[in-house]
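Participant: Residue numbers (our numbering), protein chains in the order written: chain H, 24 to 329; chain F, 200 to 476.
C-beta: ideal position from N, C-alpha, C; glycine also.
Please read all numbers here as calculations on a predicted model, not as lab measurements.
Sending over a structure as structure tokens; questions will come in a sec.
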Amino acid sequence: MSFKGRRVKNKPKNSEQGLAYLLLSPVLILVGGLILVPVLGTFITSFFRNVTFMPPAKFIGIRNYARIIKDPQFWQSLRFTVAFSAVAVALESILGMFYALVINEKFKFRGIMRAIVLIPWAIPTIVSARIWQLMYNYSYGLLNYVLVHFHLCTHPINWLGSPVSAFFSIVTADVWKTAPFMAILFLAGLQAIPQSLYEAARVDGASISQQFWRITLPLLKPIIVIALIFRTIDSLRIFDLIYVLTGGGPGGSTSSVSMYGFKSYILGDFGYGSTVSVITFLLIFVFTVIYLKVGNFSGGLKENER
Amino acid sequence: MSDKTKKKIFVIIGVIVTSIICLVPFVWMIVISFSKNPDFLGSVKVSYTFTWNNYRQIITSLDLHIIDYFKNSLIIAIVVTFFSVMIGSFAGYAISRIRFKGKTFITLGILAVSMFPQISIVGYIFELMTKLGWINTYKALIFPYIAWVMPISLWILISYFMQLPKSLDEAAMVDGANRMQTLLKVILPISAPGVFSTALLVFIASFNEFMFALMLTTDYHARTIPVGIALFQGLHGQIPWGQIMASSAIAAIPLVVMVLIFQRYIVQGLTAGALKG
Numbered sequence: 024m025s026f027k028g029r030r031v032k033n034k035p036k037n038s039e040q041g042l043a044y045l046l047l048s049p050v051l052i053l054v055g056g057l058i059l060v061p062v063l064g065t066f067i068t069s070f071f072r073n074v075t076f077m078p079p080a081k082f083i084g085i086r087n088y089a090r091i092i093k094d095p096q097f098w099q100s101l102r103f104t105v106a107f108s109a110v111a112v113a114l115e116s117i118l119g120m121f122y123a124l125v126i127n128e129k130f131k132f133r134g135i136m137r138a139i140v141l142i143p144w145a146i147p148t149i150v151s152a153r154i155w156q157l158m159y160n161y162s163y164g165l166l167n168y169v170l171v172h173f174h175l176c177t178h179p180i181n182w183l184g185s186p187v188s189a190f191f192s193i194v195t196a197d198v199w200k201t202a203p204f205m206a207i208l209f210l211a212g213l214q215a216i217p218q219s220l221y222e223a224a225r226v227d228g229a230s231i232s233q234q235f236w237r238i239t240l241p242l243l244k245p246i247i248v249i250a251l252i253f254r255t256i257d258s259l260r261i262f263d264l265i266y267v268l269t270g271g272g273p274g275g276s277t278s279s280v281s282m283y284g285f286k287s288y289i290l291g292d293f294g295y296g297s298t299v300s301v302i303t304f305l306l307i308f309v310f311t312v313i314y315l316k317v318g319n320f321s322g323g324l325k326e327n328e329r
Numbered sequence: 200m201s202d203k204t205k206k207k208i209f210v211i212i213g214v215i216v217t218s219i220i221c222l223v224p225f226v227w228m229i230v231i232s233f234s235k236n237p238d239f240l241g242s243v244k245v246s247y248t249f250t251w252n253n254y255r256q257i258i259t260s261l262d263l264h265i266i267d268y269f270k271n272s273l274i275i276a277i278v279v280t281f282f283s284v285m286i287g288s289f290a291g292y293a294i295s296r297i298r299f300k301g302k303t304f305i306t307l308g309i310l311a312v313s314m315f316p317q318i319s320i321v322g323y324i325f326e327l328m329t330k331l332g333w334i335n336t337y338k339a340l341i342f343p344y345i346a347w348v349m350p351i352s353l354w355i356l357i358s359y360f361m362q363l364p365k366s367l368d369e370a371a372m373v374d375g376a377n378r379m380q381t382l383l384k385v386i387l388p389i390s391a392p393g394v395f396s397t398a399l400l401v402f403i404a405s406f407n408e409f410m411f412a413l414m415l416t417t418d419y420h421a422r423t424i425p426v427g428i429a430l431f432q433g434l435h436g437q438i439p440w441g442q443i444m445a446s447s448a449i450a451a452i453p454l455v456v457m458v459l460i461f462q463r464y465i466v467q468g469l470t471a472g473a474l475k476g
């Protein structure tokens, strides 16, 4: 194959097209074979009774879906997943914005502070889950020690033991780990805002908080929308953190949809597990479409470029 | 109070609060990993005893397999990084430089994969790997990982390639280079920082992956360090926090050091897609 002397490039050349497909083929084969086919396969399996120790698999139409609609544990995990995502993403955007505003200021140790903010992001989720699990420990965890020792609480709290405190314990661990990601995106956005805007605002007598609400926030909007989309998609899939911290407990109150599907797989019920997975997939898909529409994603980007 | 004073106060409070939040859990991991009695806060008279033993045990005690898990993670992540950057840059080059039918559809299709939940493919992959007899091998993780990290890889690489002027390619091709030569000898060397960002993020993603590794491995032959740490069982019933934190430190510290040294590339990689859309 030789492409010598091809200088005219307005029309797609057949040989060039062929090369393009050739260059794309490894990616297409892998992504097709190991992601798209499995997603379709999962969809097909969701119409079967497919239990490892009860072969062979049998077509049962939509009976798995009929079962899921009447399954209180599934609805419980769906509610948890949505509530968790809403609370966690909101809190981590606020904390991420706080980090970003701090490290965007000019001061002596700014470089070190930027590094420090990245540390939670750099720690593997499973490791951070284990650290938080230890800090939440009832009798010798750091949190209870500090609370009781400084008389903030009279009794230690059983962080992972009740549904409400377990919910917020998971949220806290997740916010800790992911706020730095938000901060990195927001910081990039902050640095793109021209200083002259703030100078003009100061001349007009705008206060610091007015500058934040009138200049910083509106100009960051496109980045905030993207960051929210990334993080919400990610938190709707939450699994690792819950697996270590609560295993879905107490009483299934902190089981996410991914966790619930995984448990079916572990029990060998691939038909029902696939049904849960299909619903999880649809949940995220529908969310993404709505977000892109409501956030006016591409419109916002173009506005920013002007 | 002038605006300057207000900002100064904000920075001081901000630095203190940020440092406490970000550092305390990390430092606590290290403190406990060197502790002889990890439950020391629970005793009546709180006293901390330093020891190297937790590290010594997880390194020397072969039954715990922590070093095997670490080695597995490292090998898998390196292989995945190499191949995903390689085939990702082929695809990224085709997408950013060559006109072909279905380009938008294919590109968006691959990038859309990044929103798929892992749970929606892991069951099928498990059955597939069982049929192939690949359960508990490196292959069972390497292939799905390469596919799984492809959107990140492609996203960053395309955004880098798009920044490079097309005149570079044209010049190389006027000089008689073909497309492959142009990619390998002109585009890739110039986008070295972008390729490096991609490699770092892909490495971190595959080193940290949990659900596939949990489902597709059964013991130390292929089990990765996140799974090893999540499933860490004590030999005597009680949770061996000292050893768990020592293993966690062994898994986390290389990544933390890497992220801090290459901070600039990580930040560029993370923001590459988001800023340009």
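Compare the C-beta of Met-205 of chain H with all C-beta atoms of chain F and state if any pair is closer than 8 Å.
Facilitator: Answer no: the Cβ-Cβ gap between Met-205 of chain H and chain F never drops below 8 Å.
Participant: At a CB-CB cut-off below 8 Å, which residues of chain F make contact with Thr-65 of chain H?
Facilitator: Result: Ser-319, Ile-320, Gly-322 and Tyr-323.
Participant: Tell me which same chain residues have a C-beta within less than 8 Å of the C-beta of Ile-229 of chain F, skipping the five on either side of it?
Facilitator: Within the same chain, Ile-229 of chain F has close Cβ partners Met-444 and Ala-448.
Participant: Contact criterion: CB-CB distance below 8 Å. Does Trp-236 of chain H meet it with respect to chain F?
Facilitator: No, Trp-236 of chain H lies away from the interface with chain F (no Cβ there is under 8 Å from its Cβ).
Participant: Would you please verify whether the beta carbon of Ala-145 of chain H is less than 8 Å from any beta carbon of chain F?
Facilitator: So, interface residue.
Participant: Between Asp-94 of chain H and chain F, is there a C-beta pair that is closer than 8 Å?
Facilitator: Not an interface residue.
Participant: Candidates F:Gly-322, F:Thr-280 and F:Ile-277: which alpha carbon is nearest Leu-290 of chain H's?
Facilitator: For Leu-290 of chain H, the nearest C-alpha among the options comes from F:Gly-322.
Participant: In chain order, what are the residue ranges of uninterrupted alpha helix (DSSP H) at least 4 long that sit wholly in the stretch 232-296 of chain F?
Facilitator: Runs of the alpha helix (DSSP H) inside the stretch 232-296 of chain F: 252-259 and 265-296.
Participant: Determine whether the Cβ of Met-77 of chain H lies closer than 8 Å to any Cβ atom of chain F.
Facilitator: No - not a single Cβ of chain F is within 8 Å of the one on Met-77 of chain H.
Participant: On the DSSP letters alone, give me the boundaries of the alpha helix (DSSP H) that Val-312 of chain F sits inside.
Facilitator: Note, Val-312 of chain F: premise wrong, no alpha helix (DSSP H); not H, not E.
Participant: Short of 6 Å in beta carbon distance, which residues of its chain neighbour Ala-71 of chain H, apart from the five on each side in sequence? Order them along the chain.
Facilitator: Here residue 71 of chain H is Phe; the residue named in the question, Ala, does not match the sequence. Excluding positions up to five away in sequence, the list reads Ala-80, Phe-82 and Gly-294.
Participant: Please confirm if Asp-197 of chain H has its CB atom under 8 Å from at least one CB of chain F.
Facilitator: No, no contact with chain F.
Participant: Give the residues from the stretch 237-262 of chain F that approach chain H closer than 9 Å (Cβ to any Cβ), ordered along the chain.
Facilitator: Answer in chain order: Pro-237, Asp-238, Phe-239, Leu-240, Gly-241, Ser-242 and Val-245.
Participant: According to DSSP, which residues form a beta bridge with Arg-378 of chain F?
Facilitator: Per DSSP, none; premise fails for Arg-378 of chain F.
Participant: So which residues on chain H does Thr-336 of chain F lean against when the C-beta distance must stay under 9 Å?
Facilitator: Neighbours of Thr-336 of chain F on chain H: none; closest Cβ ~15 Å, over 9 Å.
Participant: Where are the alpha helix (DSSP H) runs, 4 residues long or more, that stay fully inside the stretch 80-109 of chain H, in chain order?
Facilitator: Complete alpha helix (DSSP H) runs here, min 4: 86-92.
Participant: Beta-carbon of Phe-191 of chain H versus every beta-carbon of chain F: anything under 8 Å?
Facilitator: For Phe-191 of chain H, the answer is no, since every Cβ of chain F falls outside 8 Å of its Cβ.
Participant: If you check the beta carbons only, do Ile-428 of chain F and Ser-446 of chain F fall under 8 Å apart?
Facilitator: Cβ distance < 8 Å, so Ile-428 of chain F and Ser-446 of chain F count as in contact.
Participant: Smallest Cα separation from Ser-192 of chain H: which of H:Ile-139, H:Ala-250 and H:Leu-268?
Facilitator: Measuring from the Cα of Ser-192 of chain H, the nearest candidate turns out to be H:Leu-268.
Participant: If contact is defined by three or more beta carbon pairs under 8 Å, each pair taking one atom from either stretch, is the stretch 58-70 of chain H in contact with the stretch 263-281 of chain H?
Facilitator: Because the criterion of three Cβ pairs below 8 Å is not met, the stretch 263-281 of chain H and the stretch 58-70 of chain H do not touch.
Participant: Kindly indicate if chain H contains any beta-carbon less than 8 Å away from that of Phe-406 of chain F.
Facilitator: True, the Cβ-Cβ gap to chain H drops below 8 Å.
Participant: Alpha carbon to alpha carbon, how far is Thr-280 of chain F from Met-414 of chain F? Give it in angstroms, no decimals.
Facilitator: So the alpha carbons of these two residues sit roughly 21 Å apart.
Participant: Taking only the alpha-carbon atoms, compute the straight-line gap between Asp-94 of chain H and Asp-257 of chain H and give it to the nearest angstrom.
Facilitator: Each residue's Cα considered, the two are about 25 Å apart.
Participant: Name the residues in the stretch 278-302 of chain H whose C-beta lies less than 8 Å from a C-beta of chain F; which are they?
Facilitator: Within the stretch 278-302 of chain H, the qualifying residues are Val-280, Ser-281, Gly-284, Phe-285, Tyr-288, Phe-293, Gly-296, Ser-297, Val-299, Ser-300 and Val-301.
Participant: What residues from chain F crowd round Arg-153 of chain H, counting only those whose CB sits closer than 7 Å?
Facilitator: Per Cβ cutoff of 7 Å: Ile-428, Ile-443 and Ser-447.
Participant: Taking Tyr-2 of chain H as the query, report the chain F residues whose CB atoms sit under 9 Å from its CB, ordered along the chain.
Facilitator: The structure shown does not extend to residue 2 of chain H, since chain H is modelled only from 24 through 329, so no value can be given for it.
Participant: Hey, could you find the ends of the alpha helix (DSSP H) Ala-339 of chain F is sitting in?
Facilitator: Ala-339 of chain F -> alpha helix (DSSP H) spans 337-362.
Participant: Is any beta-carbon of chain F found at less than 8 Å from that of Asp-263 of chain H?
Facilitator: Chain F, which has a Cβ nearer than 8 Å to the Cβ of Asp-263 of chain H, makes this yes.
Participant: For the candidate residues H:Tyr-163, H:Val-226 and H:Pro-203, whose alpha-carbon lies nearest to that of Leu-222 of chain F?
Facilitator: Nearest C-alpha to Leu-222 of chain F: H:Pro-203.
Participant: List, in order along the chain, the chain H residues whose C-beta lies closer than 8 Å to that of Thr-470 of chain F?
Facilitator: Under the 8 Å cutoff, chain H gives Ile-207, Leu-208 and Ala-211.
Participant: Using the beta-carbon of each residue, which ones in chain H are nearer than 9 Å to Ala-450 of chain F?
Facilitator: Result: Ile-146, Pro-147, Ile-149 and Val-150.
Participant: Who are the Cβ neighbours of Arg-29 of chain H in its own chain at under 6 Å, not counting the five residues just before and after it?
Facilitator: A caution first: Arg-29 of chain H carries a pLDDT of 47, below 50, which makes its placement in the model too unreliable to give a value.
Participant: Taking only the alpha-carbon atoms, compute the straight-line gap between Leu-242 of chain H and Tyr-268 of chain F and give it to the nearest angstrom.
Facilitator: Approximately 46 Å between the Cα atoms of the pair.
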